[in-house]
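The structure under discussion appears below in the form of structure tokens.
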Amino acid sequence: MQMRRNATAVLSLTAAIAAAVAHADEALVLEPVTVTAKGYEALVSETAASVNVIEADEIRRREARTLGDLLRGEPGVSLAVDGSVGVDPIIRGLKRDQVLVLIDGVRVNAMQPPARGSLASYVNVDLVERIEVIRGPGSVLYGAGAMGGVINIITRGGRFTDEPDVSGWTRLGYTSVDDGFRGAVGTSLSNATQLLDLSAAWLDVGDYKTGAGERLDDSGTDQGALHLRYRARLAPGHEVQLRTQRDRREDVWYLASRRFLEDPIVPPPGTGLHQPDGLNTHYTPRQQRDLVEGRYEGELGGPWGARLTASLYRQDLERGNYDWNRERAQDYRTSDTDFDTRGGRLQVELSPHPRHVVLAGVEGWQLKASPVSFVGFAPDFQPDVRMQLIDNGRLESRGVFVQDDIYLHDFTVTLGARYDEVEGSADRALGVTAPLDKTDYNLSWSAGVIWELDRGFSPFASVAEGYRSAGLLERYLTYPYSDGFTWFSNPQLEPERNRSVEVGARGQIGNTRYTVAAYESRVRDYIGGQVIAPTVKQTVNLDSARIRGAEFSVDHDLGDGLSAFAWGTWLRGDNRDPAFREPLYQMPPSELSVGLAQQSPRAWQWRGQVRTVAKQDRTADRFSGGSERKTPGFTTVDAAVGYRFGPSTGLKGQELTLSVTNLFDRDYREHVNEMTQDRIDPANGVQDLRAPGRSIGLTWYAEF
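For the sequence shown, counting from 1, position 4 maps to 108 in the numbering used here; every step adds exactly one.
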């Protein structure tokens, strides 16, 4: 293979080709590029890891409320459910805080909201340009939380242009299953040295119908978003960037928390919180994410061709956590909390040798929160008693990392290491005994190799260890959560560490492109919530857990824009703690997706996909206290047909798409579903969290 001295040339070349053919009459399939796997732009084929890339065209054609909807059916990815927008991705059996979510490279998980199924709901999907999923430990580059994988959500933006230019896009859509309306618009003002992007989106959906034909009460939501980005070229090879984002969602009900009580719960004074009789539900009337980031990228030159990237950001989450009683038509617990995160990252990319690309850097962030709750007690349950849940809670991380990509004749070798200190502290935490402070010292490492044997067969292998330190709320918040359980926190939790071995291959044989991979992950000190009473979970460290799996993806070009594809995932998890020795809690079942797609830069295009999910009867009966349910298998069919128009009436192009999801109105639920069997009581308002039924969608997209 021929070595590229600076890997950024890959993306530059790709972008140039893409721009040249953006409105050509013949489609050109380009090899996918990732900016997340190595910390700089590189071809996926040069990455010793399994990578999913979802491009803009595919995102536009899907009817998705959240990020989780976009990832449904992707190889190695499953979903966790605790409400209408509480749909979160799972990578290789590791979920939520075990998977690092980035928005434009800025971590979201550090905010640690108390509703665990909501990390994926902090960005409007209509503003997403592409999504990159790195399956397997990514802690060397991204630190705490990346032990299971990394999801980087890249939002839309324009490009510099040689001449002054104004461009933009708009999208409107409707979905029948929830009587939902959505809209988005974006514009870019650009010249050779300056670029201003402004985009906005809104979403208004009602309660959706399940495949059984019933409405899932309170599954609707509203969302609005406003993003602004300014980029300026100070000199050739030097650029500064300012980014601001606001994403706001209202009326989010976490339906897995819903419970009907025949009688009020009134424990003895000082021993617990009261709950009124009737139907009780945890919800948030509003949640808002605000981001301000400044970034510098510069070509420093010199004999090693150094390239510097520096970023400083402030990200704030304002969140209301309320509990509502239907019979009294009132809140009986309220809490409005700010989770404030400050962070920065500095990295330098250089080539000290023609066959080496070295990435080195430092990163740090701090999360602060002091949640206060106002609670109600019998008999009137008015929320007027102030309770300081956490006083001056802090989580701070500081790390240094280095990675070396070595390009040999037929091999690419990647070596990396990182050292982090993660410190948790609080002045006081309600119901939590001292000591409260704890510092974790974490070493992450990775090694991978790709053998470029030939175009049809390029095997790769990697071994890596990633980690996750306990979050702020896992350490200090003993309180009812969005899954219907009261969680007991533990400030002395050990960090969980995932050592993963993966072997795989990718290649192209004729018109068929494929990727296959098998892996085994061994997690020490696995952090989970053990059910110790019907409504109580204790946050614990398990001695060890093992997850094994295999994945594949195949894409075959049938000619004339027609392609066939198939994706598959098999995995199995085991709790190897001596106290349990059973299947690991909430392991997704195996699944397979197959389909056909017709793509064309002009005229008709269509897509059909069948997703088959196996039953899951391996449940963690002891760890979950019998609350984890077996899940039957199911099959769903999605279809879409659209027409792409050429330039007309001031538009560069437009397309109209008619889609049908869950074509046969299948009534099913995902296995990782926080609702428990003992709480389901439809007569009194507690419904199972079934998936949406058949939905007809109509979407119009245009560029100007």
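Cβ coordinates follow ideal geometry from the N, Cα and C atoms, glycine included.
Item                                                                                                                                                                  : Value
Would Gln713 be called buried (16 or more neighbouring beta carbons within 10 Å of its own) or exposed?                                                               : buried
What does DSSP give as the partner residues of Trp804 in its beta bridges?                                                                                            : Leu276, Leu760
Is it right to say His513 is buried, meaning 16 or more other beta carbons lie within 10 angstroms of its own, or is it exposed?                                      : exposed
Are three or more beta carbon pairs between the segment 625-634 and the segment 600-609 nearer than 8 Å?                                                              : yes
Once you ignore the five residues that flank Ala701 on each side, which residues in its own chain have a CB closer than 6 Å to its CB?                                : Ser667, Arg711
Would you tell me roughly how many angstroms separate the C-alpha atoms of Leu688 and Arg798, rounded to the nearest one?                                             : 32 Å
Once the 5 residues before and after Asn496 are set aside, which same chain residues still bring their CB inside 7 Å of it?                                           : Ser474, Ala530, Asp531
Looking at Arg522: is its Cβ nearer than 7 Å to the Cβ of Ser501?                                                                                                     : no
If you run the structure through DSSP and keep just helix, strand and coil, what is Val95?                                                                            : The first residue shown for the chain is 105 and the last is 808, placing residue 95 beyond what the model contains.
With burial defined as no fewer than 16 other Cβ atoms inside 10 Å of the residue's Cβ, what is the status of Ala120: buried or exposed?                              : For Ala120, the pLDDT reaches just 38, beneath the cut-off of 50, and the residue's location in the model is therefore unreliable, although a value from the coordinates is still provided. Per the 10 Å Cβ criterion, exposed.
The beta strand (DSSP E) spanning Tyr623 covers which residue range?                                                                                                  : 616-637
Helix, strand or coil: how does DSSP classify Gly552 here?                                                                                                            : strand
Quick check on DSSP: helix, strand or coil for Ile784?                                                                                                                : coil
Helix or strand or just coil, what does DSSP make of Gly172?                                                                                                          : helix
Spell out a yes or no on whether the segment 545-564 and the segment 149-162 are touching, meaning 3 or more CB-CB pairs, one atom from each, closer than 8 Å.        : yes
Relative to the C-alpha of Asp355, which residue among Ala339, Leu330, Leu383, Leu307 is closest?                                                                     : Leu307
Check for me: the alpha helix (DSSP H) holding Leu576 runs from which residue to which?                                                                               : 576-580
What whole-angstrom Cβ distance do Ser697 and Arg715 have, given they're in contact under 8 Å?                                                                        : 5 Å
Using the Cβ count rule (16 or more neighbours within 10 Å means buried), how would you classify Phe68?                                                               : Absent from the structure is residue 68, since the part of the chain shown begins at 105 and ends at 808.
Just grab the DSSP bridge partners of Arg715 for me.                                                                                                                  : Ser697, Thr740
Would you call Asp129 buried or exposed, if buried means 16 or more other Cβ atoms sit within 10 Å of its Cβ?                                                         : The predicted position of Asp129 is uncertain, since its pLDDT is 40 and thus under 50; no value can be drawn from it.
DSSP state of Leu231, grouped into three classes?                                                                                                                     : helix
Kindly identify the DSSP beta-bridge partner or partners of Phe264.                                                                                                   : Beta-bridge pairing links Phe264 to no other residue.
Kindly identify the DSSP beta-bridge partner or partners of His342.                                                                                                   : Ala339, Gly402
Out of curiosity, what's the CA-to-CA distance linking Gln758 and Ala707?                                                                                             : 11 Å
When the Cα of Thr673 is compared with those of Thr138, Arg166, Ile194, which residue comes out closest?                                                              : Ile194
Rounded C-beta distance between Asn645 and Leu576? I'm assuming under 8 Å.                                                                                            : Actually they do not touch by this definition, with Cβ atoms about 17 Å apart.
Have a look at Arg498 and Leu581 and give me their C-alpha separation to the nearest angstrom.                                                                        : 12 Å
Can Gly801 and Ser763 be called in contact, C-beta distance under 7 Å?                                                                                                : yes
Hey, Pro539 and Ala609: beta-carbon distance below 7 Å or not?                                                                                                        : no
How would you call Leu493, buried or exposed, if buried means at least 16 neighbouring beta carbons within 10 angstroms?                                              : buried
For Thr259, which beta-bridge partners are listed by DSSP?                                                                                                            : Val232
Would you mind sorting Asp721 into buried or exposed? The rule is 16 or more other CB atoms within 10 Å of its CB.                                                    : exposed
Return the chain-ordered list of same chain residues with a C-beta closer than 6 Å to the C-beta of Phe485, the five sequence neighbours on each side being excluded. : Pro380, Tyr436
Looking at the strands, I want to know which residues DSSP matches up with Glu422.                                                                                    : Gln392, Asp442
Using the three-state DSSP reduction, which class does Leu245 fall into: helix, strand or coil?                                                                       : helix
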